[in-house]
Amino acid sequence: MTTLLLILVALGFVSIVIEDIVHIDKAKTTLFFGSFAWLLFFIAPPAHLSHAELMESLNENLLDIATLWLFLMAAMTFVAYLSGKGIIDSMVNRLLPSKISERKLMLLTGLFAFLFSSIADNITATLVCIAVLMNLNLPPKKLLRYLVLVVFSVNAGGTALITGDVTTLMIFLAGKVEIPDLLLLSLPAGAAVAVLAGMLSLGLSGELQLEKQSHAIERGDKVIALLFFATIIGTIAANVAFGIPPVLCFLFGLSLMFMVVQFMNKDEPILDYIRRIEFDTLLFFLGVLLLVGMLKELGMLAYFPALYEVMPPVAANFVVGMASALFDNVPLTAALLNSGIEMTLPEWLSLTYSVGVGGALLVIGSAAGVIAMSKVEALTFGSYLKYFGYLLVAYSIGFVAVLGLGSLL
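Residue numbers for the sequence shown follow this note's numbering, beginning at 43 and rising by one.
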C-alpha cells in the first residue's frame, strides 16, 4: 500500500508537469490524486496505525491546509479590492517613470519583491507583485522572467527574519542561531537575488513606455489601502508580541475592511470581491498540500537526517535545500531539528538559508510559486523549469556567501 500511495503522489506531481500536454487543469488533477491517496490511506492503513491515529494525522494536515487556505483567501480578497479600485494601477504610475528600461525594471522588481516579503508574508508579497506586473502588459515570454525573479525574491526576502519564514523561526526557537546572526543572512540572500536579476536581464535591451493614467481614488478606498498595510504590519507585531497566528490577524483585517466599506459606502457590494478571487488557485493549493501531507505521513522526511551521516554537514544542507523544492520545508526542518544533528553556527545559518530559498528552485516548491503558477497562464512547471540553471546558480552563490559570512562570525 505504501508503494501505491507513493505512486499516486508521484502521479499528482507529474500531472502538474504535463498539464500543457494533457490539457487538464492542475487544480483538478492534484485534488484528485491528493484526496484519493488519503482515502486509500484510511481504507488500508499501515498496520501500526489505529483509526484514532489516522484521524489525528488527517486533522493535523487539514488544520495546516485550512490555515493557509483562509490566509490566502483573506489576502486575495484585499488584493482583488485594491486592484478593482485602481489603487495598484495608481501605485505603479507613481512609483515607475513613464519610460524605463527592461533591465532596470528587472532590478527594481527583484528589490521590491525582496524587501516587501521581508515585512509581509510570501503570499501577500507574491499577490501584490503579480498584480503590479500584470498591469504592465508585458509580452508572455518577458513576463515569465519577471515572475521567476519574483518567486525567488520573495522566498529569499523572509529568510533573515523570524517573522518572514516559519523555518527560520523554528531554527531560532531551537536555539541554533541568534537574531543578530540571522539579520546578516539578508546580505547573501540579497546578493543571490541581484545575481539572478542580472542573469534574467541578459538579452533584455528594450524600453517600456508606461501609459500614465490618472485614477480618482475615493477617500474610502485610501482608507482600505492603509488598512491593508496596517494589517500586514499588525500581523507581524501581533505574532512577535503575543504569538497570534497570522491567519487570525488577516481575517480580522478583512472583517475591518468589510465594516469600513459598510459604513463609508453602503452601496458597495463588498462581499462580491470574495467571489472574484481565483478559487482554482485555492483548489490547486489544497491538492498540493494533500500530496505533501501524504509524503510526510509515509515517513519520507525521515530519510533526510541520514544524509548527515554520509555527507559533510555543508553538503547535506545544500542537498536539503534542493529537496525543499519537492518537500514541504516546515516538516523537513522539523525532522532535522528532532534528529539531534550537531552543527556549527555557520552550518546552521547555511541550513536556514537553504530551506528558506531552496523551494524556489521549482515552481511547486513554495507557496509563492504555486500561487504564481495558478494566477498566470504563461507560468507552468515546464516554462519555469527552463530557468532552473539560473536559479541553481543564484541559490549556490547565496549559499557560498552564507558560508563565507559564517566564517567571520
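Virtual Cβ for every residue (Gly too), placed ideally from N, Cα, C.
query, result
"Which of helix, strand or coil does DSSP assign to E339?", "helix"
"So, is G431 buried or exposed, given that buried needs 16 or more other C-beta atoms within 10 angstroms?", "exposed"
"Ignore the nearest five residues each way along the sequence and tell me which others in G295's own chain have a CB closer than 8 Å to its CB.", "A116, F120, L269, F270, A272, T273, G276 and T277"
"With DSSP run on the structure shown, which of helix, strand or coil describes S143?", "strand"
"Secondary structure at L250, three-state DSSP: helix, strand or coil?", "strand"
"Is DSSP giving S243 helix, strand or coil here?", "coil"
"From which residue to which residue does the alpha helix (DSSP H) around G400 run?", "Taken as a continuous stretch (DSSP letters only), G400 belongs to no alpha helix (DSSP H), as it is neither H nor E."
"Does DSSP put K183 in a helix, in a strand, or in coil?", "helix"
"Assuming contact is defined by CB atoms lying nearer than 8 Å, are M148 and A89 in contact in what I supplied?", "no"
"Leaving out the 5 sequence neighbours to the left and right, which residues in its chain are closer than 7 Å to V7 when beta-carbon positions are compared?", "Here the chain covers residues 43 to 451 and nothing more, so residue 7 does not appear."
"Which residues mark the beginning and the end of the alpha helix (DSSP H) in which Y432 is found?", "F430 to S449"
"Going along the chain, which residues of its own chain have a beta-carbon closer than 7 Å to the beta-carbon of L328, five neighbours each way excluded?", "L73, I107 and W111"
"Can you have a look at Y123 and say buried or exposed, based on whether 16 or more other CB atoms are within 10 angstroms of its CB?", "buried"
"Assuming A365 is part of the alpha helix (DSSP H), what are its boundary residues?", "P355 to A365"
"So what does DSSP say about A217, is it helix, strand or coil?", "Residue identity check: residue 217 is Gly in the sequence provided, not Ala. Coil at G217, not helix or strand."
"With a threshold of 16 other CB atoms inside 10 Å of the CB of M118, please say whether the residue is buried or exposed.", "buried"
"According to DSSP, is V418 helix, strand or coil?", "coil"
"Would you give the residue range spanned by the alpha helix (DSSP H) that I49 belongs to?", "T44 to V59"
"Identify which residue in L105, L178, S77 and H93 has its Cα closest to the Cα of M133.", "L178"
"Are the CB atoms of Y395 and P222 nearer to each other than 8 Å?", "no"
"For the alpha helix (DSSP H) holding F126, just list the boundary residues, first then last.", "The residue asked about is misnamed: residue 126 is Gly in this sequence, not Phe. Its alpha helix (DSSP H) spans residues H93 to G126."
"Let me know the alpha helix (DSSP H) ranges lying completely inside the segment 255-326, each 4 residues or longer, listed in chain order.", "261-284, 288-306 and 314-318"
"Identify, in the order they occur along the chain, each residue of the same chain with its Cβ nearer than 7 Å to the Cβ of I319, setting aside the five sequence neighbours on each side.", "M115, M118, T119 and A122"
"Where does V487 sit, in a helix, a strand or coil, going by DSSP?", "With the chain represented from 43 up to 451, any question about residue 487 goes unanswered, as that position is not in the structure."
"Quick check: what's the CA-CA separation for V334 versus A283?", "31 Å"
"Evaluate P288 with the Cβ neighbour count: other Cβ atoms within 10 Å of its Cβ, from every protein chain shown; 16 or more gives buried, anything less gives exposed.", "buried"
"How many whole angstroms separate the CB atoms of L340 and L96, which I take to be in contact at a CB cut-off of 8 Å?", "With a Cβ gap of about 13 Å, L340 and L96 do not count as contacting."
"Please state the DSSP three-state secondary structure of E384.", "coil"
"If you draw a straight line from the alpha carbon of L450 to that of V362, how long is it in whole angstroms?", "24 Å"
"Is P347 helix, strand or coil when you go by DSSP?", "helix"
"At a cut of 8 Å, does the segment 166-180 reach the segment 139-158 through at least three beta carbon pairs?", "yes"
"Could you tell me the distance, in whole angstroms, from the CA atom of S195 to the CA atom of P182?", "20 Å"
"Once the 5 residues before and after V235 are set aside, which same chain residues still bring their CB inside 6 Å of it?", "G152, F156, S195 and A198"
"Would the segment 372-381 and the segment 208-218 be scored as touching if the rule is three or more Cβ pairs under 8 Å?", "yes"
"Tell me the residue span of the alpha helix (DSSP H) that contains V201.", "The sequence given here has Thr at residue 201, not Val. That residue, T201, is in no alpha helix (DSSP H); it is neither H nor E in DSSP."
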